[in-house]
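What follows is one structure encoded as structure tokens, with my remarks underneath.
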Amino acid sequence: MSDRKIKTIGVLTSGGDAPGMNAAIRAVVRRSLAHGVKVKGILKGYTGLIRDEMRDMHASDVSDIIEHGGTILFTARSTEMMTHEGQVAAAEVCRKHSIDGLIVIGGDGSIRGASSLAKQGINTIGIPATIDMDVPFSEYSIGFDTAVNTAMQAIDKVRDTSTSHERCSIIEVMGRSAGYIALWCGIANGAEDILLPEKYNYDDRKLLDNIIDNRRRGKTHHIIVNAEGIGDSEALARRIEAATGIEARATILGYMQRGGSPTARDRVYASIMGSLAVDLLLAGKSDRVIGYQHGAFLDYDISEALSMKKTIPEYEYEIASSLSHNYYKTYAENLADLID
Ligand code: F6P
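The sequence shown: position 6 = 6 (our numbering), numbered continuously.
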């Protein structure tokens, strides 16, 4: 815990952008100014920090941004910040500008960077922001809610055309190593199958059997939500067509999921997290990250937070598949179909 009074707070966004980052920046700026603390907006994440790219932030600089996706501070993935030399250089720039508190808005790699700066004597607080929601210490990260709603709406549209053509549709959603967007869309869109990096065993057999069984049961479409971490969506479509004779098409949603106007939840939670980060710095805390657990906003020591484990909830995974079954035929009819 630091006993120095904070006079200047720096704020940066880092890693993949996420809708709601602007709401967090706005909260940091306005909450700080309300406490008589100056704010420096650091451009392009850690890359901009190391290169000393920053500007003073005034209340009006964050007007009309809460409703916009992206980040007004720009963002980057910095490999330099992963090195000791990069961390020393970043801390040096903070000292040069008398930044005595730094708020980092980003995913787990960005939060790790905040901890390394704390070890260099800069007070830091992390705010989790990634559409993947793969931060182990929190049930929520800024951007997930918007991204999952964007993907859900897109999948609804694909479903219309998939039904008209009686096709199988594979829709690939973002999530390089985490399947949270895929899981949520699986439930929200009533997908017949979801393929998650945490679960999928790369054996097509079960998937192909499911497609055939569903068609026999009278389903006119078959929606497969595939996480980016598994990828291979086009090739999977070809394999499905060859093995089942059912037309299959792949749609890769891609970066559209990272943009767009944030949902109310992302705006509100980002505003709370941004304000809380300032309050924590003013209370003398450092090397902490904000998380959301069981309906409450909490702060954790960063190393402790990053060593926590979070996995796909088994129950949610199980219901995603059980609710997609269509039981409008009787059990006896299904059985008769299956044995013909
Ligand atoms: O923001 C997270 C994420 O969207 C991942 O799901 C994805 O793999 C990654 O970012 C891609 O980011 P980029 O191409 O911008 O490095």
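We treat Cβ as the ideally placed atom computed from N, Cα and C, and that holds for glycine. Predicted model, so just to flag it, every value in this text is computed and none were measured.
Quiz item: What are the complete alpha helix (DSSP H) segments, minimum 4 residues, inside the region 48 to 113?
Solution: Within the region 48 to 113, the alpha helix (DSSP H) runs of at least 4 residues that lie entirely inside it are, in chain order, 84 to 96.
Quiz item: When every heavy atom of the ligand F6P is checked, does at least one fall within less than 7 Å of the C-beta of Gly-106?
Solution: No, the beta carbon of Gly-106 sits no closer than 7 Å to any heavy atom of the ligand F6P.
Practice problem: May I ask you to check if the CB of Thr-13 is nearer than 7 Å to at least one heavy atom of the ligand F6P? | Solution: Flag unset: Cβ of Thr-13 not near the ligand F6P.
Quiz item: CA-CA distance, Tyr-200 and Ile-25?
Solution: Rounded to the nearest angstrom, the two C-alpha atoms are 37 Å apart.
Quiz item: Who does Leu-263 pair with in a DSSP beta bridge?
Solution: Leu is not the amino acid found at residue 263; the sequence shown has Thr there. Beta-bridge pairing by DSSP links Thr-263 to no other residue.
Quiz item: Where does Arg-249 fall in DSSP's three states?
Solution: Here Arg-249 sits in strand by DSSP.
Quiz prompt | Sequence-distant residues of the same chain with beta carbon closer than 8 Å to Arg-258, five excluded per side | solution = Taken in chain order, the residues that qualify are Gly-16, Asp-17, Ala-18, Pro-19, Gly-69, Ile-131, Gly-143, Ala-147, Met-174.
Quiz item: At a cut of 8 Å, does the region 289 to 300 reach the region 125 to 141 through at least three beta carbon pairs?
Solution: The region 125 to 141 and the region 289 to 300 touch, with three or more beta-carbon pairs separated by less than 8 Å.
Practice problem: Check whether the Cβ of Met-174 sits closer than 7 Å to any heavy atom of the ligand F6P, and report yes or no. | Solution: Because some heavy atom of the ligand F6P lies under 7 Å away, the Cβ of Met-174 counts as near it: yes.
Self-check item: the ligand F6P heavy atom lying under 7 Å from the CB of Asp-132
Solution: Under cutoff, so the answer is yes.
Self-check item: C-alpha gap between Ala-250 and Ile-170, whole angstroms
Solution: One C-alpha to the other measures close to 5 Å.
Self-check item: 8 Å CB neighbourhood of Ile-272 in its chain, flanking five on each side removed
Solution: Once the five neighbours on either side are set aside, the close Cβ partners of Ile-272 are Ala-27, Phe-297.
Quiz item: Relative to the ligand F6P, is the shortest distance from any of its heavy atoms to the C-beta of Gly-16 smaller than 7 Å?
Solution: For the ligand F6P, at least one heavy atom lies less than 7 Å from the Cβ of Gly-16.
Exercise. Starting from Ile-212, trace the alpha helix (DSSP H) both ways and give me its first and last residue.
Key: Per DSSP, Ile-212 belongs to the alpha helix (DSSP H) from 204 to 216.
Practice problem: In angstroms with no decimal places, state the Cα-to-Cα distance between Lys-329 and Ala-264. | Solution: Note on Lys-329: pLDDT 49, under 50, position unreliable in the model; no value is reported.
Quiz item: Does the Cβ of Asp-203 have 16 or more other Cβ atoms within 10 Å, making it buried, or fewer, making it exposed?
Solution: By the 10 Å Cβ count, Asp-203 comes out exposed.
Quiz item: Taking the C-alpha atoms as reference points, what is the distance between Gly-179 and Asp-145?
Solution: CA-to-CA, the gap between Gly-179 and Asp-145 works out to about 14 Å.
Exercise. Would you mind stating whether Leu-350 and Glu-304 have Cβ atoms separated by less than 8 Å?
Key: In the structure as shown, the chain starts at 1 and stops at 340, and residue 350 therefore has no counterpart that could be examined.
Quiz item: Taking the Cβ atom as the reference point for each residue, do His-221 and Arg-167 lie within a distance shorter than 8 Å?
Solution: With respect to Arg-167, His-221 sits close: the two C-beta atoms are nearer than 8 Å.
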